[in-house]
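Going down the list, the protein sequences come from chains A and B. At position 347 of the first sequence the residue is numbered 462 (my numbering), and the sequence of numbers has no breaks. At position 146 of the second sequence the residue is numbered 171 (my numbering), and the sequence of numbers has no breaks. Beta carbons: idealized from backbone N, C-alpha and C, even for Gly.
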Amino acid sequence: MDFFNRFAVPHPSFLIYGAMVSIAIAMIAVVVGITYFKKWGYLWREWLTTVDHKRIGIMYLIVALLMLFRGGVDAIMMRYQLSMPDNTFLDSQHYNEVFTTHGIVMILFMAMPFITFFFNYLIPLQIGARDVAFPRLNALSFWLFFMGAMLFNMSFVVGGSPDSGWTSYFPLAGNEFSTSVGTNYYMIAIQIAGMGTLMTGINFITTILKMRAPGMKLMKMPMFTWSAFIANVIVVFAFPVLTVLLAMGTMDRLFGTNFFTTDNGGMDMLWANLFWVWGHPEVYILILPAFGLYSEIISTFARRNLYGYKSMVASMVVISIFSFLVWAHHFFTMGQGPLTNSIFSITTMAIAVPTGVKIFNWLFTLWKGKIVFTTPMLYSILFIPLFTLGGVTGVMLAMSAADYQYHNTMFLVAHFHNVIIPGVVYAMIAGLTFYWPKMFGFMLNEKLGKWTAWLLSVGFVLAFIPMYITGLDGQARRMYTYSESTGFSTLNMVSFIGAAIMAVAFALLVYNIYYSIRYASRDIGSDPWDARSLEWATHTPVPEYNFAIIPEVASTEAFWDSKKKGHELFKGKIEKIHMPNNSPLPFIMSCIFFVFGFSMVFSIWPVAIIALIGILACLTYRSFEKDHGRYISVEEIEETEAKLRGAKK
Amino acid sequence: MKVDNSLPLEYSTEENSLKILGFWIFLGAEIMLFATLFTAYFTLENRIGNGPSGAEIFEISPVLVETILLLTSSFVIGLGIHAMRLGNKKAMMIFFSITLLLGAGFLGFEIYEFIHYVHVGATLQTSAFTAILLTTLGTHGLHVTFGLVWGLFILIQIKKRGLTPETANKSFIFSLYWHFLDIIWIFIFSFIYLKGMM
Chain A
116 MDFFNRFAVP HPSFLIYGAM VSIAIAMIAV VVGITYFKKW GYLWREWLTT
166 VDHKRIGIMY LIVALLMLFR GGVDAIMMRY QLSMPDNTFL DSQHYNEVFT
216 THGIVMILFM AMPFITFFFN YLIPLQIGAR DVAFPRLNAL SFWLFFMGAM
266 LFNMSFVVGG SPDSGWTSYF PLAGNEFSTS VGTNYYMIAI QIAGMGTLMT
316 GINFITTILK MRAPGMKLMK MPMFTWSAFI ANVIVVFAFP VLTVLLAMGT
366 MDRLFGTNFF TTDNGGMDML WANLFWVWGH PEVYILILPA FGLYSEIIST
416 FARRNLYGYK SMVASMVVIS IFSFLVWAHH FFTMGQGPLT NSIFSITTMA
466 IAVPTGVKIF NWLFTLWKGK IVFTTPMLYS ILFIPLFTLG GVTGVMLAMS
516 AADYQYHNTM FLVAHFHNVI IPGVVYAMIA GLTFYWPKMF GFMLNEKLGK
566 WTAWLLSVGF VLAFIPMYIT GLDGQARRMY TYSESTGFST LNMVSFIGAA
616 IMAVAFALLV YNIYYSIRYA SRDIGSDPWD ARSLEWATHT PVPEYNFAII
666 PEVASTEAFW DSKKKGHELF KGKIEKIHMP NNSPLPFIMS CIFFVFGFSM
716 VFSIWPVAII ALIGILACLT YRSFEKDHGR YISVEEIEET EAKLRGAKK
Chain B
26 MKVDNSLPLE YSTEENSLKI LGFWIFLGAE IMLFATLFTA YFTLENRIGN
76 GPSGAEIFEI SPVLVETILL LTSSFVIGLG IHAMRLGNKK AMMIFFSITL
126 LLGAGFLGFE IYEFIHYVHV GATLQTSAFT AILLTTLGTH GLHVTFGLVW
176 GLFILIQIKK RGLTPETANK SFIFSLYWHF LDIIWIFIFS FIYLKGMM
């Protein structure tokens, strides 16, 4: 029995047992459902082994939405716990676990796959390509990410969740103070998912540099592609730091090294520094593609070319460089001395300049535009003032002397939610609404969509603005309770109400998807928004080869010009198309990675070694495999094209 | 697959040139990986706790032998790629085999070196300095080990399938990887061993 004791959750409670039961029921329901409808073959052929960037994109989307709700439940539990003084809903250990997993799930397993979904689905379409540069690698990226996410989520019911914050600072995260396997999960699950992200980065840089349609010079790329390119460059330069960091953390926890301990020369601040050398660029990896989406949406619905294209690109390049030069602003109070603090203070404030350039570019795009208030546009309009508010409080936090007042208070929590929610989350929902008809052939309901946007915004303001005030009054973050005499209770209750309204908004989003699946018109053509770039130039649903003929591009608004100025996109005749073959290898290899990760978490060495051999065997198989892809014949393409054209009428 | 005969074999198809660019970007990520290890090394270099310092445990002779072996192997793989461009399969295979043998020699000496460190009481657990030293060297050593197996697979494929756009592409990418490991070793030699012994 000793062997099995390690899998028990160290701090069980009613909630965790409930989760165990519901996870078990859900898994049984899924398996029974797939078997009942005889979908195993379909699932295997069309999804688990696919290398099609559009399908991989949709799988990223599904995971992101699931994780959004998991992280959301964490959030609502925290807000409920703090809504009243001396609340006993969660104990301190449980609260630590909840805020830790909320942070990691939302950043790494919700926001990251959400933007990766947009990379996958949109970039090949926007640049007029048939797939990404390395389709097989793309599938491996997804499955590694997926297995990392699943491994991380398992910590909740097997062995215990990580509990030392999403930053996992040592020595708190060391063996001495974090005795459960939770932090092992953190180190290893994020490592596995991170490898997938790094491969995504390499894949998309190559795709964007080498596979653009003829005529699409770098400065004629759609703005989302530009933002994705820069974000992926940041991925390639930032994620190796995380790889090393997590490897060192793993060794400290599993092999007794002294990198971050407090004796034998270990240095705990090394963790904090390296973490933020990765962590700060990471937030720009999230926000830049969001900026790209807003640029697409705003210029589409203002019916104008994007104002200041060149300055948009330049500002993103500057942001990407600065993102690597500001990391120490996360710990101004941890004793670097005034000179270092001043330097990082200035670099941090300097980021506000290129970001401000972007805000003004959007405003000038709207200026004299014929604005159409669709749901995606509503999100973009709400984004501008709310995000600017978050940016301004960011500049406040950047002042290192004043930061001694704000550091680790709710003020900081309010600030980063204020940039991430209107910045990233709004962009994700706006982009999802915008591209939904491209993916599925029907639009989400506009009325419900606008209700969601307004509810989300009201909820957001109620939930987070009070935190600025309690933060300035001294309410520390990550504290599981407070006493009545602090006077924080009213504002925290307001905050909880706001969080509840946000929960209703997300529920409404789900209802909107359900409602639109049932009732929305399927007769919308391939360009329902009257949009501007190449992804709208192909059919809906997009055929697997994307474009029967590769388009030729002459401006940044290729599709708009073809509609309004008679630019001819598709010249020449259809030729046979080379496509990659599906492969089960990425899925199988990632499953072995899951086993490897799990046995590492619990230090079950024999299994870990066997899994490692399995991974190497997969690599060996891949090295010797002959896979030249396949061709789609001209007749087959013409048949598909005719059918898609017919279906539109 | 379209083959463009005006380009060297390893660049001759679109897929091939994509793979080479992708690998260059991967090497960019690898540079960041080693840069992080070096940063951590320089931070922890003097934090020796109760363990030995670099000056006490470094031995110049095995390190010099390792350096000579690895630098020579990098030159030889260059000759191998040159032979591949000339279409001389046999010469290429010989040069690649020599490269791998030199790499194996390097690895042998490195293992000897590691055993020496453990004997003089510089294990992974001794201090922050020994941990980062062994981690940095070990990461490089693991890369070499991985390269040896990978190179062997490529050799087998060339023997079986001849010089095709595919095998030429793999060999070329492997040579980039091997040169990269050599460059990293130069940094390790200069900034870990020489600096440590001074």
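Any C-beta of chain A within less than 8 Å: which residues of the segment 152-163 of chain B qualify? Per Cβ criterion, the list reads Ser-152, Ala-153, Phe-154, Ala-156, Ile-157 and Thr-160.
Candidates A:Ile-345, A:Ala-443, A:Glu-411 and A:Phe-711: which alpha carbon is nearest A:Glu-650's? It is A:Glu-411.
Just to confirm the assignment: which complete alpha helix (DSSP H) runs, minimum length 4, are found wholly within the segment 58-138 of chain B? Runs found: 79-82 and 85-110.
Give the interface partners of B:Arg-72 over in chain A, defined as CB-CB distance under 9 Å, in chain order. In chain order: Asn-373, Asn-379, Gly-380, Gly-381 and Met-382.
Could you tell me how far apart the beta carbons of A:Ser-610 and A:Met-558 are, in whole angstroms, since I believe they sit closer than 8 Å? Incorrect: roughly 34 Å between the Cβ atoms, too far for contact.
Does the beta-carbon distance from A:Ala-578 to A:His-532 come in below 9 Å? When the beta-carbon positions are compared, A:Ala-578 and A:His-532 come within less than 9 Å of each other.
DSSP puts B:His-141 in a beta bridge; with which residues? As far as DSSP is concerned, B:His-141 takes part in no beta bridge.
Could you tell me the alpha carbon to alpha carbon distance between A:Met-262 and A:His-217, rounded to whole angstroms? C-alpha separation (whole angstroms): 18 Å.
In the structure shown, what three-state DSSP assignment does A:Lys-763 receive? Any reading at A:Lys-763 needs caution, since the residue's pLDDT is 44, under 50, leaving its predicted position unreliable; the model's value is listed next. Reduced to three states, the DSSP call for A:Lys-763 is helix.
Range covered by the beta strand (DSSP E) that runs through A:Tyr-284: It is not in any beta strand (DSSP E) - A:Tyr-284 carries neither H nor E in the DSSP assignment.
In the structure shown, what three-state DSSP assignment does A:His-532 receive? Helix, per DSSP.
Ignore the nearest five residues each way along the sequence and tell me which others in A:Tyr-595's own chain have a CB closer than 6 Å to its CB. Within the same chain, A:Tyr-595 has close Cβ partners Ser-207 and Tyr-210.
For a contact meaning CB atoms closer than 8 Å, what does A:Leu-385 contact in chain B? Annotation: Cβ neighbours of A:Leu-385 in chain B (cutoff 8 Å, chain order): Ala-65, Thr-68 and Leu-69.
Where B:Met-57 meets chain A, residues with beta-carbon distance less than 7 Å: Within 7 Å Cβ-Cβ: Phe-352, Pro-355 and Val-356.
Does B:Gly-221 have its Cβ less than 9 Å from a Cβ in chain A? With respect to chain A, the C-beta atom of B:Gly-221 has no partner C-beta closer than 9 Å.
Measuring alpha carbon to alpha carbon, tell me which residue in A:Tyr-597, A:Met-334 and A:Met-265 is nearest A:Ile-242. Residue A:Met-334 holds the alpha-carbon nearest to the alpha-carbon of A:Ile-242 among A:Tyr-597, A:Met-334 and A:Met-265.
Could you check whether the Cβ of B:Thr-124 sits closer than 9 Å to any Cβ belonging to chain A? When Cβ-Cβ separations below 9 Å define contact, B:Thr-124 makes no contact with chain A.
Between the segment 632-642 of chain A and the segment 531-549 of chain A, do at least 3 Cβ pairs fall closer than 8 Å? Not touching, per the Cβ criterion.
Is the segment 384-403 of chain A touching the segment 438-453 of chain A in the sense that three or more CB pairs, one from each, lie closer than 8 Å? Output reads yes: the segment 384-403 of chain A touches the segment 438-453 of chain A.
So is B:Ile-181 in contact with chain A if we call contact Cβ pairs under 9 Å? Chain A, which has a Cβ nearer than 9 Å to the Cβ of B:Ile-181, makes this yes.
Per-residue contacts from A:Phe-260 into chain E (C-beta, under 7 Å): Absent from the structure is chain E; the protein chains it does hold are A and B.
Separation of A:Tyr-132 from A:Asn-420, as counted between CA atoms: Straight-line measurement puts the Cα of A:Tyr-132 at about 55 Å from the Cα of A:Asn-420.
Verify the CB distance criterion: does A:Thr-321 have a CB-CB separation below 9 Å to chain B? With its beta carbon less than 9 Å from one in chain B, A:Thr-321 belongs to the interface.
Assign A:Thr-524 to one of three DSSP states: helix, strand, or coil. Residue state, collapsed to three classes: strand.
Sequence-distant residues of its chain with Cβ nearer than 7 Å to A:Lys-764 (five each side left out): In this prediction, A:Lys-764 scores a pLDDT of 40, lower than 50, which makes its location untrustworthy; no coordinate-derived value is stated.
Proximity to A:Lys-589 [Cα-Cα], best of A:Phe-603, A:Val-722, A:Glu-599 and A:Ala-726: For clarity, residue 589 of chain A is Gly in the given sequence; the question names Lys instead. Of A:Phe-603, A:Val-722, A:Glu-599 and A:Ala-726, the residue nearest in Cα terms is A:Phe-603.
How many angstroms separate the CA atom of A:Phe-152 from the CA atom of A:Pro-658? Distance between the alpha carbons of A:Phe-152 and A:Pro-658 is about 26 Å.
C-alpha gap between A:Ser-718 and A:Phe-118, whole angstroms: When only Cα atoms are considered, A:Ser-718 and A:Phe-118 end up about 11 Å apart.
I'd like to know whether the C-beta of B:Trp-210 is nearer than 9 Å to at least one C-beta of chain A. No - not a single Cβ of chain A is within 9 Å of the one on B:Trp-210.
Beta-carbon proximity list for A:Val-472, same chain, < 7 Å, skipping 5 on both sides: Cβ within range, chain order: Ser-426 and Ser-430.
Rounded to whole angstroms, what's the CA-CA distance from B:Thr-155 to A:Thr-508? Just pull it up for me. Spanning the two alpha carbons is a distance of roughly 43 Å.
If you count every other CB in all the chains shown that lies within 10 Å of the CB of A:Trp-386, and 16 or more means buried, which is it? Classification for A:Trp-386: buried.
Quick check on DSSP: helix, strand or coil for A:Ala-591? The DSSP-derived three-state label of A:Ala-591 is strand.
One or two residues paired with A:Tyr-629 in a DSSP bridge: In the DSSP output, where bridge partners are listed per residue, A:Tyr-629 has none listed.
At the level of alpha carbons, what is the spacing between A:Thr-671 and A:Lys-332? Roughly 9 Å separates the two Cα atoms.
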